[in-house]
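Okay, structure first, notes after.
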Amino acid sequence: MKNFYQKAPGSFVRYERRKDIQFFIRAILAIIFVLIVCGVLAFALSAIFWAVIDSWDVFHDGVSSEKNSLIHNHFFKSHNSNKPSACKKRLVGFFTENEPLENLETQFEKLTHVVFSFNEITWDGSVRFKSERGKNRYLRMRNVSESVENDVKMMVSIGGHENSQFFTTLTSNEMNRGKFIDSIILFLQDYNLDGVDISWVHAGESEKHNFVEFLKEIRTRFDSFSERNLLLSVTTPSAGIEGWENAYDIEAQKNYVDFFNVYSMDYNGPWPNQWGTPAGPMAPLYHGIGLRKNFNVDWTMKYYVCLAMDPTKFNIILPTFVRLWRNVEEPVEPRISLAVRNAVLKNGMAEGTAVMSRADAEDQLLDLKNNITWDNKFKSSYIYDPLDKTYLAFEDKRSVEEKVKYVNSHNLGGLWIWFVDMDDEKSSVLSSVYTDELCSRCSENVMKYHC
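For the sequence shown, position 279 (counting from the first letter as 1) is numbered 279 according to full-length UniProt numbering, and the numbering increases by one without interruption.
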């Protein structure tokens, strides 16, 4: 026992030393582990922090710097086409993201510009396709444009009715505009586009100045790409309806845009409110009844051209689709015209379909070839069925011919088709407008309106 107790203290000391060493090693390992974890977390948090700060900058005042831009001239492919243009005036075809694409080659052979609409704008100013389907659809159209014998300018329209909510913030100051324009140019570069159409729907009058500055800065950036003549267009609303035209400083904007696509339609429609009546032509050239006496193409175009004093900058719209009202009854002013009729509202709303492709109209067995009535005051065609109480508004060959005459007689820049892929399988509307009468000569910058 004595020997045992004599040796015990030494063994205990050695045991305690081993225990201390093991504890020390575990402590070191724990510290190393904590440092590694903290390092990873710090890196992740810093990355998130700077990403948020970078995005947050979009909403703060400041001055953009050229050295921060990711855009370089050499990114654009040269596009010095020797192909002839299909028409000496502009014949701009808008295409949707959803309708079937048929006869693209024959359609593109008649167009000077093709516009894919609408691309999405995100809160931080990024521009992107709404879907993979839309992207593939555009790429197919791009390939067709390169295969036809005429020079077709490929453009994209951004904004529209469903995606204009971010324009106000993105154009509110120089830094925001710079970032937004960077995104636009990057998108044009990535998809080999020739330009962009700005469709800022329901812009407010208070945004007029920033709108002009936005277009001015886009033009400056576009002009810096010497090897590519990038195009800039703006879609403008009908004038005299709800005052939306007040947000457009046309006298200033004309200095920066290549052309305006004037939305000279929707003067009548089966809207889900009290404005859904009466039924009538959706894009009449002239005339109007009652409070809608100025709801016509001529009044809108005179308003814009007299501000710009340059008629060649403007295109009038040519809708291809069909508009349907139900429960339509007697004319509003039978002594003046039978083309405008009262539509009975149900629960405060008109019944009908505001936009129907011609293919859908055919599927619903709607005959657009017979029983057509021509109204000489409006220079418009329509079909009214008193038994079914239905009213169809649409463009036919005769109304298209009148619009071509109007473009020529007023020295306008051309027409834009809304939408080419809603035409029938024979592209009847496009074929009616693509004529020697329209395309054989350029418009002269000579005013024909009495301003």
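Using N, Cα and C, we set each Cβ at its ideal position, and we do this for glycine too.
query = Taking three-plus beta-carbon pairs below 8 Å as touching, is the region 350 to 358 in contact with the region 303 to 323?
reply = yes
inquiry  = Going residue by residue through the region 392 to 439, where are the continuous beta strand (DSSP E) segments of at least 3 residues, counting only ones entirely within it?
reply    = Taking only runs of at least 3 residues, the beta strand (DSSP E) segments lying wholly in the region 392 to 439 are 414 to 418.
Helix, strand or coil at Y248 [DSSP, three-state] = The residue labelled residue 248 in the question sits at position 248 within the sequence shown. If DSSP states are grouped into helix, strand and coil, Y248 belongs with coil.
key: Terminal residues of the beta strand (DSSP E) in which M153 lies   = Start at 1 with the first residue of the sequence shown, and residue 153 comes out as number 153. Per the sequence shown, residue 153 should be read as Lys rather than Met. Residues K153 to G159.
Proximal residues to E333 (C-beta, below 8 Å), its chain only, five neighbours per side dropped = Here residue 333 is taken as the residue at index 333 of the sequence shown, counted from 1. Closer than 8 Å at Cβ, skipping near neighbours: I289, G290 and V340.
query = Considering only C-alpha positions, which residue in the set Y382, T171 and I241 is nearest to K216?
reply = Reading the sequence shown from its first residue, position 216 is the one you call residue 216. Checked all of Y382, T171 and I241; the closest Cα to K216 is T171.
key: Nearest-angstrom beta carbon gap, S145 and V114 [assumed within contact, 8 Å]   = Locating residue 114 in the sequence shown gives position 114, counting from the first residue. Locating residue 145 in the sequence shown gives position 145, counting from the first residue. Confirmed, Cβ separation roughly 6 Å.
query = Which of the three DSSP states, helix, strand or coil, is assigned to P319?
reply = Taking the first residue of the sequence shown as position 1, residue 319 is located at position 319. Strand.
key: Same chain, Cβ closer than 6 Å to K377, neighbours up to 5 away in sequence not counted   = To locate residue 377, count along the sequence shown from 1; it is residue 377. If we look at K377 and ignore the five residues flanking it on each side, its Cβ neighbours are H287 and S337.
task = Have a look at L91 and F259 and give me their C-alpha separation to the nearest angstrom.
result = For the purposes of this step, residue 91 is taken as the residue at position 91 of the sequence shown. For the purposes of this step, residue 259 is taken as the residue at position 259 of the sequence shown. Distance between the alpha carbons of L91 and F259 is about 12 Å.
ask   = Whole-angstrom Cβ separation of V262 and F314, contact assumed at under 8 Å?
value = Along the sequence shown, read from residue 1 onward, the residue named residue 262 stands at position 262. Along the sequence shown, read from residue 1 onward, the residue named residue 314 stands at position 314. Rounded, the Cβ-Cβ distance is 6 Å, consistent with contact.
key: Those residues which DSSP pairs with W374 across a bridge   = Within the sequence shown, the letter at position 374 stands for residue 374. Looking at the DSSP assignment, W374 forms a beta bridge with S381.
message = Under 8 Å, with one C-beta from each stretch per pair, do the region 239 to 257 and the region 342 to 355 reach the 3-pair mark?
response = no
query = Do E102 and V148 have their C-beta atoms closer together than 8 Å?
reply = By 1-based counting over the sequence shown, the position of residue 102 is 102. By 1-based counting over the sequence shown, the position of residue 148 is 148. Their beta carbons are not under 8 Å apart, which means E102 does not touch V148 by this criterion.
request  = Write down the C-beta distance between P281 and S380 rounded to the nearest angstrom, noting that I regard them as a contact closer than 8 Å.
outcome  = Counting from 1 along the sequence shown, the entry for residue 281 is found at position 281. Counting from 1 along the sequence shown, the entry for residue 380 is found at position 380. Between S380 and P281 the Cβ distance is about 4 Å, and since that is below 8 Å, they are a contact.
ask   = What are the uninterrupted segments assigned as alpha helix (DSSP H) that are 4 or more residues long and contained completely in the region 189 to 245, given in chain order?
value = List check, alpha helix (DSSP H) in window: 208 to 223.
key: For V114, the three-state DSSP class (helix, strand or coil)   = Reading the sequence shown from its first residue, position 114 is the one you call residue 114. Correct three-state label for V114: strand.
task = Go ahead and label V420 buried or exposed: buried means 16 or more other beta carbons lie within 10 angstroms of its beta carbon, across all protein chains shown.
result = Taking the first residue of the sequence shown as position 1, residue 420 is located at position 420. Classification for V420: buried.
Euclidean distance between Cα positions of L232 and L345 = The count along the sequence shown starts at 1 and reaches residue 232 at position 232. The count along the sequence shown starts at 1 and reaches residue 345 at position 345. L345 has its alpha-carbon roughly 41 Å from the corresponding atom of L232.
message = Counting beta carbon pairs with one atom in the region 266 to 273 and one in the region 202 to 221, are three or more of them shorter than 8 Å?
response = With the cut-off at 8 Å, the region 202 to 221 and the region 266 to 273 do not touch.
query = Looking at C-beta atoms only, is the number of pairs between the region 296 to 308 and the region 429 to 439 that lie closer than 8 Å three or more?
reply = no
Three-way DSSP call (helix, strand, coil) for M282 in this model = Here residue 282 refers to the residue found at position 282 of the sequence shown. DSSP places M282 in coil when its eight states are reduced to three.
Unbroken beta strand (DSSP E) run spanning M356, endpoints = Within the sequence shown, numbered from 1, the residue matching residue 356 stands at position 356. Note, M356: beta strand (DSSP E), G352 to M356.
request  = Assuming P284 and K448 form a contact by the criterion Cβ under 8 Å, report the distance between their Cβ atoms to the nearest whole angstrom.
outcome  = Working through the sequence shown from its first residue, we reach residue 284 at position 284. Working through the sequence shown from its first residue, we reach residue 448 at position 448. Contact flag wrong, Cβ pair sits at about 19 Å.
query = Can you list, in chain order, the residues of its chain whose CB lies under 7 Å from that of C451, leaving out five sequence neighbours each side?
reply = The residue you call residue 451 lines up with position 451 of the sequence shown. Here the set comprises C306.
ask   = Which residues mark the beginning and the end of the beta strand (DSSP E) in which R90 is found?
value = Taking the sequence shown and counting its residues from 1, one reaches residue 90 at position 90. Segment R90 to F95, the beta strand (DSSP E) holding R90.
key: Environment of N370 [buried if 16+ CB atoms lie within 10 Å]   = Numbered from 1 along the sequence shown, position 370 holds the residue referred to as residue 370. Classified as exposed, N370 has fewer than 16 neighbouring CB atoms from the shown chains inside 10 Å of its CB.
ask   = Excluding five sequence neighbours on each side, which residues of the same chain lie with their C-beta closer than 6 Å to the C-beta of D151?
value = Residue mapping note: residue 151 aligns to position 151 of the sequence shown, counting from 1. Result list for D151: S81, K83 and S85, in chain order.
ask   = With a CB to CB cut of under 7 Å and the five nearest residues on each side skipped, what residues in its chain are close to E402?
value = In the sequence shown, counting from the first residue as 1, residue 402 sits at position 402. In the same chain as E402, and ignoring 5 residues on each side of it, the C-beta atoms closer than 7 Å to its own belong to L285 and K379, in chain order.
message = So M309 and E99 are supposed to be a Cβ contact under 8 Å. How far apart are they, rounded?
response = As a position in the sequence shown, residue 309 is number 309, starting the count at 1. As a position in the sequence shown, residue 99 is number 99, starting the count at 1. With a Cβ gap of about 37 Å, M309 and E99 do not count as contacting.
ask   = DSSP state of A361, grouped into three classes?
value = If you number the sequence shown from 1, residue 361 lands on position 361. Here A361 sits in helix by DSSP.
task = Go to E132, then tell me how far its alpha helix (DSSP H) extends in each direction, as first and last residue.
result = As a first step, residue 132 must be located in the sequence shown, where it is residue number 132. Counting along the chain, the alpha helix (DSSP H) containing E132 begins and ends at E132 to S147.
request  = Within the same chain, show all residues whose beta-carbon is closer than 8 Å to that of E109, passing over the 5 residues directly before and after it, in chain order.
outcome  = As a first step, residue 109 is located in the sequence shown; it is residue number 109 there, counting from the start. Result list for E109: A86, V148, E149 and N150, in chain order.
query = If we ignore side chains and look at the alpha-carbon of each, how far apart do E444 and W123 end up?
reply = Taking the sequence shown and counting its residues from 1, the one referred to as residue 444 is at position 444. Taking the sequence shown and counting its residues from 1, the one referred to as residue 123 is at position 123. Their backbone Cα atoms lie some 42 Å apart in a straight line.
query = Between Y382 and F225, what straight-line distance do the alpha-carbon atoms span, to the nearest angstrom?
reply = Translated into positions along the sequence shown, residue 382 becomes position 382. Translated into positions along the sequence shown, residue 225 becomes position 225. Distance between the alpha carbons of Y382 and F225: 47 Å.
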